[in-house]
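Just so you know, we're using the UniProt record's numbering here: the sequence shown kicks off at 1 and counts up by one.
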Amino acid sequence: MLSAEMNVGVDSKLLPYNAWLPLKEKLKIQRKKANGTIVTALDEIAWLFNLRGSDVEHTPLFKAYSFVTTIEIKLYIRPLKLTPEVEKHLCPNLNNGSECVKVEDYIHAFEDMKKIIPEAGKILISSSSSYAMVNLVPEGNRIIHTEPSPVAELKVVKNPVEIKGMKNAALKDSVAIVDFVAMLEQQVLQGKHWDEIKAAKTLAKFRKEQEGYQSESFTAISAVGSNGAIIHYRPQILTNRNVNMKYMYLLDSGGQYLDGTTDITRTFHFGAPTDFEVATYTRVLMGAIDLISAVFPEKVKRIGLDYQHGTGHGIGHFLGVHEGPIGISDKSANGNGHLLKPGMFLSDEPGYYEKDNFGIRLETMMMVVKAYTPHNFNNMQYYTFEPVSFVPFESKLIDLNLLSQKQKEWLNWFNMKARNTVGIELKKQGRTKGLHWLLSKTEYIPVHSCPNHSSNSIRPLHFMILCFVVLIF
């Protein structure tokens with residue numbers, strides 16, 4: 001966990017599953033090609049040693065280097081950041097020194113490695129490492145990998161404890177957002193003053209009420225009207241606009257919890273949207289549904305299209321909100337696709353941006369899981385996505401006539417899931433306002449046309465029963 005005064009802390013949530021033996025298993029990767037490995041990426045070091053820090057804003061990382069060989073493991077870090085808990089974690093068996101990580105001062109990292117690397121044999125080092133770091137390795141002993149590092153390859157696939165934590169963090173995050181937006185919409189309709197900056201700060205306070213919350217995972221994008229068309233907009237005093245009933249409101253935010261990292265975007269309208277706004281929102285929603293419900297063979301490397309930005313990115317476990325090497329796009333950062341595997345967490349975030357008018361983005365966290373299909377051609381395994389964040393979509397911006405039957409069925413399933421998870425948790429936490437808002441946004445959608453009834457009059461029995469159960473739980 002994060003410790004005070006910029007110390008480094010053990011991520012205790014992972015200790016039951018990722019203690020010393022799994023760490024040694026992680027370190028076997030360097031034996032495949034080399035005698036040693038230099039690790040420079042901060043998120044890889046944090047994951048490798050199961051430690052978290054606070055040197056980087058919004059991301060629980062600490063400044064460090066690591067040099068791993070078949071003989072020893074070295075971690076270069078500022079000694080003042082070490083706590084007794086961390087020292088014990090890095091050397092769990094004092095009677096067997098070979099199982100201990102050797103901690104050296106961060107400021108002496110280059111000097112120390114310069115002495116020991118020439119005699120260490122073949123060294124694996126990332127092409128993203130600094131020029132000075134690469135030059136520490138004699139040219140004949142360098143194995144430079146341009147592809148994602150072995151550590152990154154392993155880190156991106158979450159283990160069962162990490163999966164449970166990510167889902168729990170996403171649930172808490174959904175509760176905070178639903179409760180906040182319920183309050184925001186009510187007060188906007190009452191004519192109370194709200195602006196982009198105030199909304200972003202208040203949402204952070206709602207998140208802080210959830211167990212294990214540490215910080216935002218990035219600076220929130222709180223954007224009204226035309227500001228929403230600026231993809232990476234950040235509210236500033238000079239650009240700050242009021243949240244009102246006339247313009248759409250795009251809210252892209254995330255949190256760092258001890259058990260996971262979150263990232264979610266929803267676009268709202270607190271008044272009467274135009275037909276064009278409804279049509280474009282619905283099209284974006286259709287794209288989001290089609291992606292998250294896609295079934296694809298295990299060898300597929302590319303899924304999705306770009307919307308002036310990638311359609312999705314990897315998400316770390318109490319690490320970076322953007323985690324490589326995975327992503328969903330018509331291209332990847334290194335020009336090659338990367339295989340998706342069960343246990344990976346990504347975002348599903350299609351969007352539409354019209355300059356000087358509005359922006360729409362719908363981002364949902366999801367996990368890669370195995371898909372169960374009636375037929376497997378050539379014994380090929382198929383995968384699909386499972387959403388883990390369940391903040392409702394803006395019902396007044398959805399044109400049901402544009403949705404296919406399958407899209408309506410998926411949306412009904414999503415709404416049911418939102419009630420059965422976020423709804424129950426809202427009730428448990430006594431957040432009645434958020435609960436009623438959630439129920440109003442997740443009403444049943446008629447799948448088949450029924451000319452004798454309005455859409456609001458059709459309620460399957462299971463939806464009515466669930467609503468009743470949630471309210472009295």
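Even glycine gets a Cβ: it sits at the ideal position worked out from N, Cα and C.
Check: Residue range of the unbroken alpha helix (DSSP H) whose run includes Y233; Outcome: Segment: none, Y233 is in no alpha helix (DSSP H) and carries neither H nor E.
Check: 8 Å contact criterion, which I231 and D173 should meet: CB distance rounded; Outcome: That belief does not hold up - the Cβ atoms of I231 and D173 are roughly 22 Å apart, past 8 Å.
Check: CA-to-CA distance, Y249 to G316, given in whole angstroms; Outcome: 27 Å
Check: Given 8 Å, three or more beta-carbon pairs between the stretch 132-151 and the stretch 104-118; Outcome: yes
Check: Classification of I289 by the beta-carbon crowding that lies within 10 angstroms, buried from 16 upward; Outcome: buried
Check: Coil, strand or helix - Q214 by DSSP; Outcome: strand
Check: Between the CA atoms of A34 and T442 - distance to the nearest angstrom; Outcome: 54 Å
Check: CB contact below 8 Å: M166 versus chain D; Outcome: The chain inventory of the structure shown lacks chain D, comprising one protein chain alone.
Check: CB contact flag (L251, S215, <8 Å); Outcome: no
Check: Other residues of its chain near V103: CB distance less than 6 Å, five sequence neighbours each side excluded; Outcome: L75
Check: Residue(s) in a DSSP beta bridge with F296; Outcome: Y383
Check: CB of E408 within 8 Å of CB of I445, strictly; Outcome: It is worth fixing the name first, because residue 408 is Lys in this sequence and not Glu. Cβ atoms of K408 and I445: closer than 8 Å.
Check: For M245 and I45, the rounded distance between their alpha carbons; Outcome: 47 Å
Check: Integer-rounded CB distance, given that G228 should sit under 8 Å from G359; Outcome: 3 Å
Check: Whole-number beta carbon distance between I163 and G343, since they are thought to touch under 8 Å; Outcome: 6 Å
Check: For R266, three-class secondary structure by DSSP; Outcome: strand
Check: For Y444, the three-state DSSP class (helix, strand or coil); Outcome: coil
Check: Closest residue to Y257 among L171, L439, K201 (Cα-Cα distance); Outcome: L171
Check: Rounded separation between L21 and F296 - CA only; Outcome: Any reading at L21 needs caution, since the residue's pLDDT is 40, under 50, leaving its predicted position unreliable; the model's value is listed next. Each residue's Cα considered, the two are about 34 Å apart.
Check: Cβ-based burial, M380 [other Cβ within 10 Å; buried from 16]; Outcome: exposed
Check: Cβ pair A182, F206 closer than 8 Å; Outcome: no
Check: Selection from M113, G53, W410 that minimises the alpha carbon distance to L285; Outcome: W410
Check: Opening and closing residue of the alpha helix (DSSP H) in which K201 lies; Outcome: 196-208
Check: Cutoff 6 Å; reference A169; Cβ partners in own chain excluding five residues on either side; Outcome: Y257, D259, G260, T262
Check: Coil, strand or helix - N141 by DSSP; Outcome: helix
Check: Residues of its chain near T202, where Cβ-Cβ distance is below 7 Å and the 5 sequence neighbours each way are ignored; Outcome: F180
Check: Q190 classed as buried or exposed, judged by whether at least 16 other C-beta atoms fall within 10 angstroms; Outcome: exposed
Check: DSSP beta-bridge partners of M367; Outcome: F345, E386
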